[in-house]
Amino acid sequence: MTRLIDLANASRALAATRSRAAKVDRLAALLRHCDRDAIAGSETGRNEVGGREIEQVARWLTGEIRPKTTPGSTPGRAGAARLHIGPAQMAATDAVEPAPQPRLTVTDLARRLDALADIRGSGSQTRRAAALAGLFAEATVDEQGFLRRLLLGELRQGALGAQMVEAIARAFDIPLGSVQRARMLRADIGEVARLAQSAGRAGLDALGLTLFQPIQPMLASAADDLADALAQLPEPLLEYKLDGARVQIHKSGRQVRVFSRQGNDVSAAVPELIDQVAALPASELVLDGETLALTQSGRPLPFQTTMRRFGRQQDDPALRQQLPLTVFCFDCLALDGETLIDAPLRTRRAALSETVPATMRTSFIEAANAARASDFLAQALAAGHEGLMAKDPGSTYAAGARGSHWLKLKQSHSLDLVVLAAEWGSGRRRGWLSNLHLGARDGAGGFIMLGKTFKGLTDQLLAWQTEQLLARAVARDDQIVHVRPELVVEIAFNELQQSRHYPGGLALRFARVKRYRPDKGPAEADDIHGVRALFERQVAYQPEPAHD
DNA sequence: GGTGGCTGCCC
DNA sequence: ATTCTGC
DNA sequence: GCAGAATGGGCAGCCACC
């Protein structure tokens, strides 16, 4: 029987070593110790734990708190999987006296989390806080620390999914490739661990792409520019890159389900996609694509607008009329009983063309020279899209991998902004001022905040800016140091978004530091009029729908 | 009935 | 999502 | 080159509170 303290100790040991091999050893030892017997159901009878100890151990030590919702589960049930515990709810545990001796088992915790997930309705925040405090009262100091990090998604042990995959291979003496393959075919690491334990290599190798079981989507790396992309992939397949939400669509007969990038079943939110794919003649299909809202003339609407539809749990018929979603597929992973993930992209794209009408596919060209590629990029941007994808036409579908077979090329802008304040970092950035508050000149001697960023800062730059900012501090609280607005920093970003939060009504999307501009004073920073002008150029490409 | 905070999940 | 860092 | 850490803005949904 595995105890919670075993996990807490392992997590602490993982954080304390930098050696990946040592981390894998430690994880493998834990997995080997897991019971092989099934866990009994929870007392309520609803939302049962089921499964085996090893599923929980594998999930929790990779930071996955809850199993993904399984296909076939009703929409109402999907919500039950969520814990609704964040930093604010966690405050209920701040003053809880720890238990002197460790007593909780993995099974105990699984049941307690199920009970927490079942708390809903009026008064739920109070009851959830009480249940959480009750759980913490049964945990020792070390267990409390582990629980806090687990529930807040801050394990910080330097080992998540990839080390767990290696550990599963090590623990049950299975070739790494077999475990990695199983991992890409199943969203839930717990299921992979359980299969490895109970059925070994043969059990994992028997897995295939299964309809209505989402596989991990293939990911892309960033290219600096078109020349960089063409240098890495001399004869790429180029596609429009659309700014929407990734969808994986499974079809069998008239039945269709749509999954998000994280493998969540979002079918209820996108009935028009279901209808369109259900009407296709292919009897079995797995498609990979992007969905977004378009204007009546077919131009892409801002990502924010797409999310008003895609972000909801249930369909809203009126909104659906106003903002219909369109899907553009770019890959075909299975067709009529045949799995295509091991076939080259060129073959998969051909299968897509035969199966899905052109209106439901992304535009693409193949074997482009530099000039044609450049034209294609200009065309994509003129149409209001994000940029291009460059893909190796001979590559197989490497689920979950962010390799160099797929490159993304996105437009970016930059502004010279003034640092208004900075927040103290945490984890490996503890002791450094990290997250910068950025403002544009307001034209009247003041500044208008447009967002924050912590990206693009090297350790050296963090040290430098901490010193510089502290020397300019005018006010500080626990988190934030406000400074005299003197330092100018060049900020790259992809897009301006409308904001209800920031005073200028605009915010930066994907802001990152390019470099400090010691050559510039705050009077030479960009002003809000320039920022507004840039936003106007953006929306000029993306007018609101004509009707209400 | 409106507003604001928190959470989960898109990017 | 983007970026940096250690392995 | 991969994996992990650090942390961004905005959306809906749910709940607390007035």
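Position one of the first sequence corresponds to residue 1 (the UniProt record's numbering), numbered consecutively onward.
Ideal Cβ placement from N, Cα and C applies to all residues, glycine included.
Buried versus exposed call for residue i [16 or more other C-beta atoms within 10 Å across all chains shown]
i, result
"Val539", "exposed"
"Arg170", "buried"
"Met449", "buried"
"His547", "Bear in mind that a pLDDT of 41 at His547, under 50, signals an unreliable position, so the model cannot answer this."
"Val474", "exposed"
"Glu154", "exposed"
"Gln144", "buried"
"His501", "exposed"
"Gly451", "buried"
"Asp477", "exposed"
"Arg18", "exposed"
"Thr458", "exposed"
"Ser11", "buried"
"Leu319", "exposed"
"Glu64", "buried"
Helix, strand or coil at residue i [DSSP, three-state]
i, result
"Leu226", "helix"
"Leu436", "strand"
"Leu415", "strand"
"Ile119", "coil"
"Lys455", "coil"
"Gly158", "coil"
"Lys520", "coil"
"Glu536", "helix"
"Lys68", "coil"
"Ile184", "According to the sequence displayed, residue 184 carries Met and not Ile. Three-state result, Met184: helix."
"Asp392", "coil"
"Pro302", "coil"
"Ala15", "helix"
"Ser221", "strand"
"Glu486", "coil"
"Phe136", "helix"
"Arg472", "coil"
"Gln497", "strand"
"Asp275", "helix"
"Leu508", "strand"
"Ala525", "coil"
"Ala58", "helix"
"Arg420", "Correcting the residue type first, residue 420 is Leu in the shown sequence and not Arg. Leu420: strand per DSSP, three-state reduction."
"Val192", "helix"
Reference residue i, options the options, closest by Cα
i, options, result
"Ile341", "Phe146, Arg181 and Val24", "Arg181"
"Gly394", "Thr347, Ser434, Asp527 and Gly439", "Thr347"
"Ala115", "Arg103, Asp94, Val96 and His84", "His84"
"Pro523", "His501, Glu486, Gly505 and Ser499", "Correcting the residue type first, residue 523 is Ala in the shown sequence and not Pro. Comparing Cα-Cα distances from Ala523 to each of His501, Glu486, Gly505 and Ser499, the minimum goes to Glu486."
"Val418", "Arg430, Ser412, Leu407 and His437", "His437"
"Leu461", "Arg429, Val106 and His482", "Arg429"
"Gly134", "Arg120, Leu109 and Ala293", "Leu109"
"Ala421", "Thr458, Leu457, Gly431 and Gln479", "Gln479"
"Glu166", "Ala28, Arg3, Glu366 and Arg517", "Ala28"
"Ala81", "Leu104, Leu113, Pro271 and Ala463", "Leu113"
"Ile274", "Leu294, His250, Asn264 and Gln262", "His250"
"Lys391", "Phe310, Phe330 and Asp336", "Phe330"
"Pro87", "Leu152, Leu30 and Thr107", "Leu152"
"Met164", "Gln276, Ala350, Ile215 and Ala22", "Ala22"
"Trp424", "Leu407, Ser412, Val106 and Thr453", "Thr453"
"residue 549", "Val356, Ala350 and Leu496", "The displayed coordinates of the chain run from 1 to 548. Any statement about residue 549 would go beyond what the structure contains."
Whole-angstrom C-beta distance between residue j and residue i, which should lie under 8 Å
i, j, result
"Gln248", "Val286", "7 Å"
"His385", "Tyr240", "5 Å"
"Phe364", "Leu237", "6 Å"
"Leu433", "Leu469", "5 Å"
"Ala440", "Val531", "5 Å"
"Thr362", "Leu325", "About 15 Å; that fails the 8 Å criterion."
"Arg127", "Met90", "The Cβ separation is near 15 Å, so there is no contact."
"Val96", "Ala137", "5 Å"
"Thr339", "Gly208", "6 Å"
"Leu409", "Gly387", "5 Å"
"Gly337", "Met184", "That pair is no contact at about 20 Å."
Beta bridge counterpart(s) of residue i as assigned by DSSP
i, result
"Ile448", "Ala440"
"Val513", "Ile491"
"Arg52", "Ala38"
"Tyr502", "Per DSSP, none; premise fails for Tyr502."
"Ala334", "Val286 and Thr339"
"Glu239", "Phe364 and Met389"
"Gly425", "Arg430"
"Lys251", "Val256 and Leu285"
"Lys410", "Gly387"
"Val327", "Thr291"
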